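With positions in the sequence shown counted from 1, the corresponding number in our numbering is that position plus 1170.
Only one structure is covered here, and it is reproduced in the block below.
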Amino acid sequence: MSASTLTLRRVVPEPTLPATSSSATDLAHMARALELAQRGLNTTTPNPRVGCVIVKDGVVIGEGWHERAGGAHAEINALADAAARGADPRGATLYVTLEPCNHTGRTPPCSEAVIDAGVTRVVAAMADPNTEARGGADRLRAAGVAFEVGLLEREARELNIGFVSRVTRGRPWVRVKVAASLDGRTALASGESKWITGDEARADGHRWRARACAILTGIGTVRSDNPELTVRSIPTTRQPRRVVVDRHAETPADAQVLAGEGALVVTAGARNPSWSERVEVLALPDAERRVDLAALMTELGRRGCNEVHVEAGARLNGALLASGMVDELLVYLAPCLVFDPALGMAQLPAGLARLADRVPLVFEDVMRIGADLRLRLRVIGREV
C-alpha cells in the first residue's frame, strides 16, 4: 500500500438513514449520487455540490451533477442524460443529494422539471437549507410525487459544509491549514518555514486550496514567505480569491499575492497608494483599529464565499481562534523536531489564563500523506 494513501485512523460515523428504513438499493443509488456530486467539488461555488441518479425498473437511466454556477442543476443534467440514452423517466425514482430547488434563479425550478418529466418518487439526502430556494419537497408532494428525505444526510451536509454554513450562519466555513514539526513548530524564530513537510503533503494542501472560495493569509506570512496563494499541481478551472489581512496596508506592491486579478487586501485604514488599481481594498477596523475578523467573514459570506482556506502565521491563526471564526484545522505534522525558540501554530492575542479556556477539538480523520501525518480536527460545537 502506498504511504501517501495509508489511513492510520479515520473517524467515520455510520451512514445516516431516514426515520423509515430504506433498502440497500436506495442506499447504493444515493451513494452513487454523492460520488457524482464530488465531481463538482472545486467548481460549483457559490452553489452547492449536488449529484443525481434516475432509476427505473431497477436500471439506472440517467445521471448528472451540478458542474458550475449558472449551469444546469444536477436533476436537469440527469434528465438530459436519460433523454440522450433514449430512456423515458415517467414512473422513475430520482435520487438527489439536495432537495430539488423551487425558485427561479439563473435557472428554472428543478421541482417543476421533475414533475413535468413524470418522475413518481424522489429521494433526497438533505433538505435545502437555503430559504430562497427551498420548497421543492412541498411542490413535489402537492403534485403527487412521493418525496423522502434523510438518506445519507450527514454525508451530504459534510460535502456542502461551506454552503450550509453560509446560508444558515451568514459566514463561510473557515479551515485553518498548518504545517508543523512533531513538536508543533511552524517556522524558525527568523520566519524560515520552507519546507517543514514533504512534497506529498504540500500537494494535498493544494487540493484543499482548490475546493475553497478564498485563501486567506496575513501580512506576516506575506513578508516572510511571499506566497502566491494560488492552486498549483492539480488541474483547476478557477482560482480562489486571495485575501490578505494587513492592518496598516504594508503589503509590498510587488508581492506575489497581489499579482494579477482577484487580490483583496483587508485593512484597518487607508489604501496603500503604491498598490495597483486591480487590488481591491476593504477597510474593516474594529474598536481597537485592528481588522475586524468577524466582519470580514460576514462580508465574505455576503459575497457568496462558502469555504475559506487559511494559510497564515501564528498571530493571525490565534486571532481567528480567539474571535471564534475557526471551524476546522488541517494540520500536517512532519516527523522532525525543531525545538525552541521557534514559532508555534497559534498565538492568542492575550494568552491563555486557564487551561479550562483552551480550544476543544475533535478528530475528524488522521491520515498518512507521504512521510507526514495529516490531522483534520473540528472545533467542538461547529457542526452545521
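From the three backbone atoms N, C-alpha and C, an ideal C-beta is built for every residue, glycine too.
Since we're looking at a predicted model, the values are computed, not measured.
Shown here, TRP1235 sits in a strand according to DSSP, grouped into three states.
When DSSP states are grouped into helix, strand and coil, ARG1417 belongs to the coil group. Look at ASP1353 here: in three-state DSSP terms it is coil, with no helix or strand label.
Close CB contacts of ALA1239 within its chain, under the 8 Å cut and outside five residues either way in sequence, are with THR1214, THR1215, PRO1216, ASN1217, ARG1276 (chain order).
By alpha-carbon distance to LEU1386, the top candidate from VAL1337, ALA1201, LEU1466, LEU1310 is LEU1466. The beta carbon of ASN1330 is closer than 6 Å to those of PRO1218, ARG1219 in its chain, skipping five residues each way along the sequence. Per DSSP, MET1515 is not a residue of any beta strand (DSSP E), being assigned neither H nor E. From the listed residues GLN1208, ASN1300, VAL1480, HIS1418, the smallest Cα separation to ARG1459 is found for HIS1418.
If one requires a minimum length of 3 residues, the beta strand (DSSP E) runs lying completely within the stretch 1439-1505 are 1450-1453, 1477-1480, 1498-1504, in chain order. Counting the other Cβ atoms within 10 Å of the Cβ of ARG1408 gives fewer than 16, which makes it exposed. If you draw a 10 Å sphere on the C-beta of ASN1476, you find 16 or more other C-beta atoms in it, and that means buried.
The beta carbon of ARG1304 sits closer than 6 Å to those of ASP1298, all from its chain and outside the five residues before and after it, given in chain order. Annotated as distal: ALA1350 and LEU1268, with beta-carbon spacing of 8 Å or more. Assignment of beta strand (DSSP E) within the stretch 1188-1217, counting only whole runs of 3 or more residues, yields no such run. According to the DSSP assignment, ILE1385 belongs to the beta strand (DSSP E) that extends over 1384-1388. Each residue's CA atom was taken as its position, placing HIS1273 and CYS1280 some 8 Å apart. Relative to THR1437, the option among SER1446, ALA1423, GLN1426, LEU1463 whose CA is nearest is LEU1463. Rounded to the nearest whole angstrom, the C-alpha separation of VAL1478 and LEU1206 is 23 Å.
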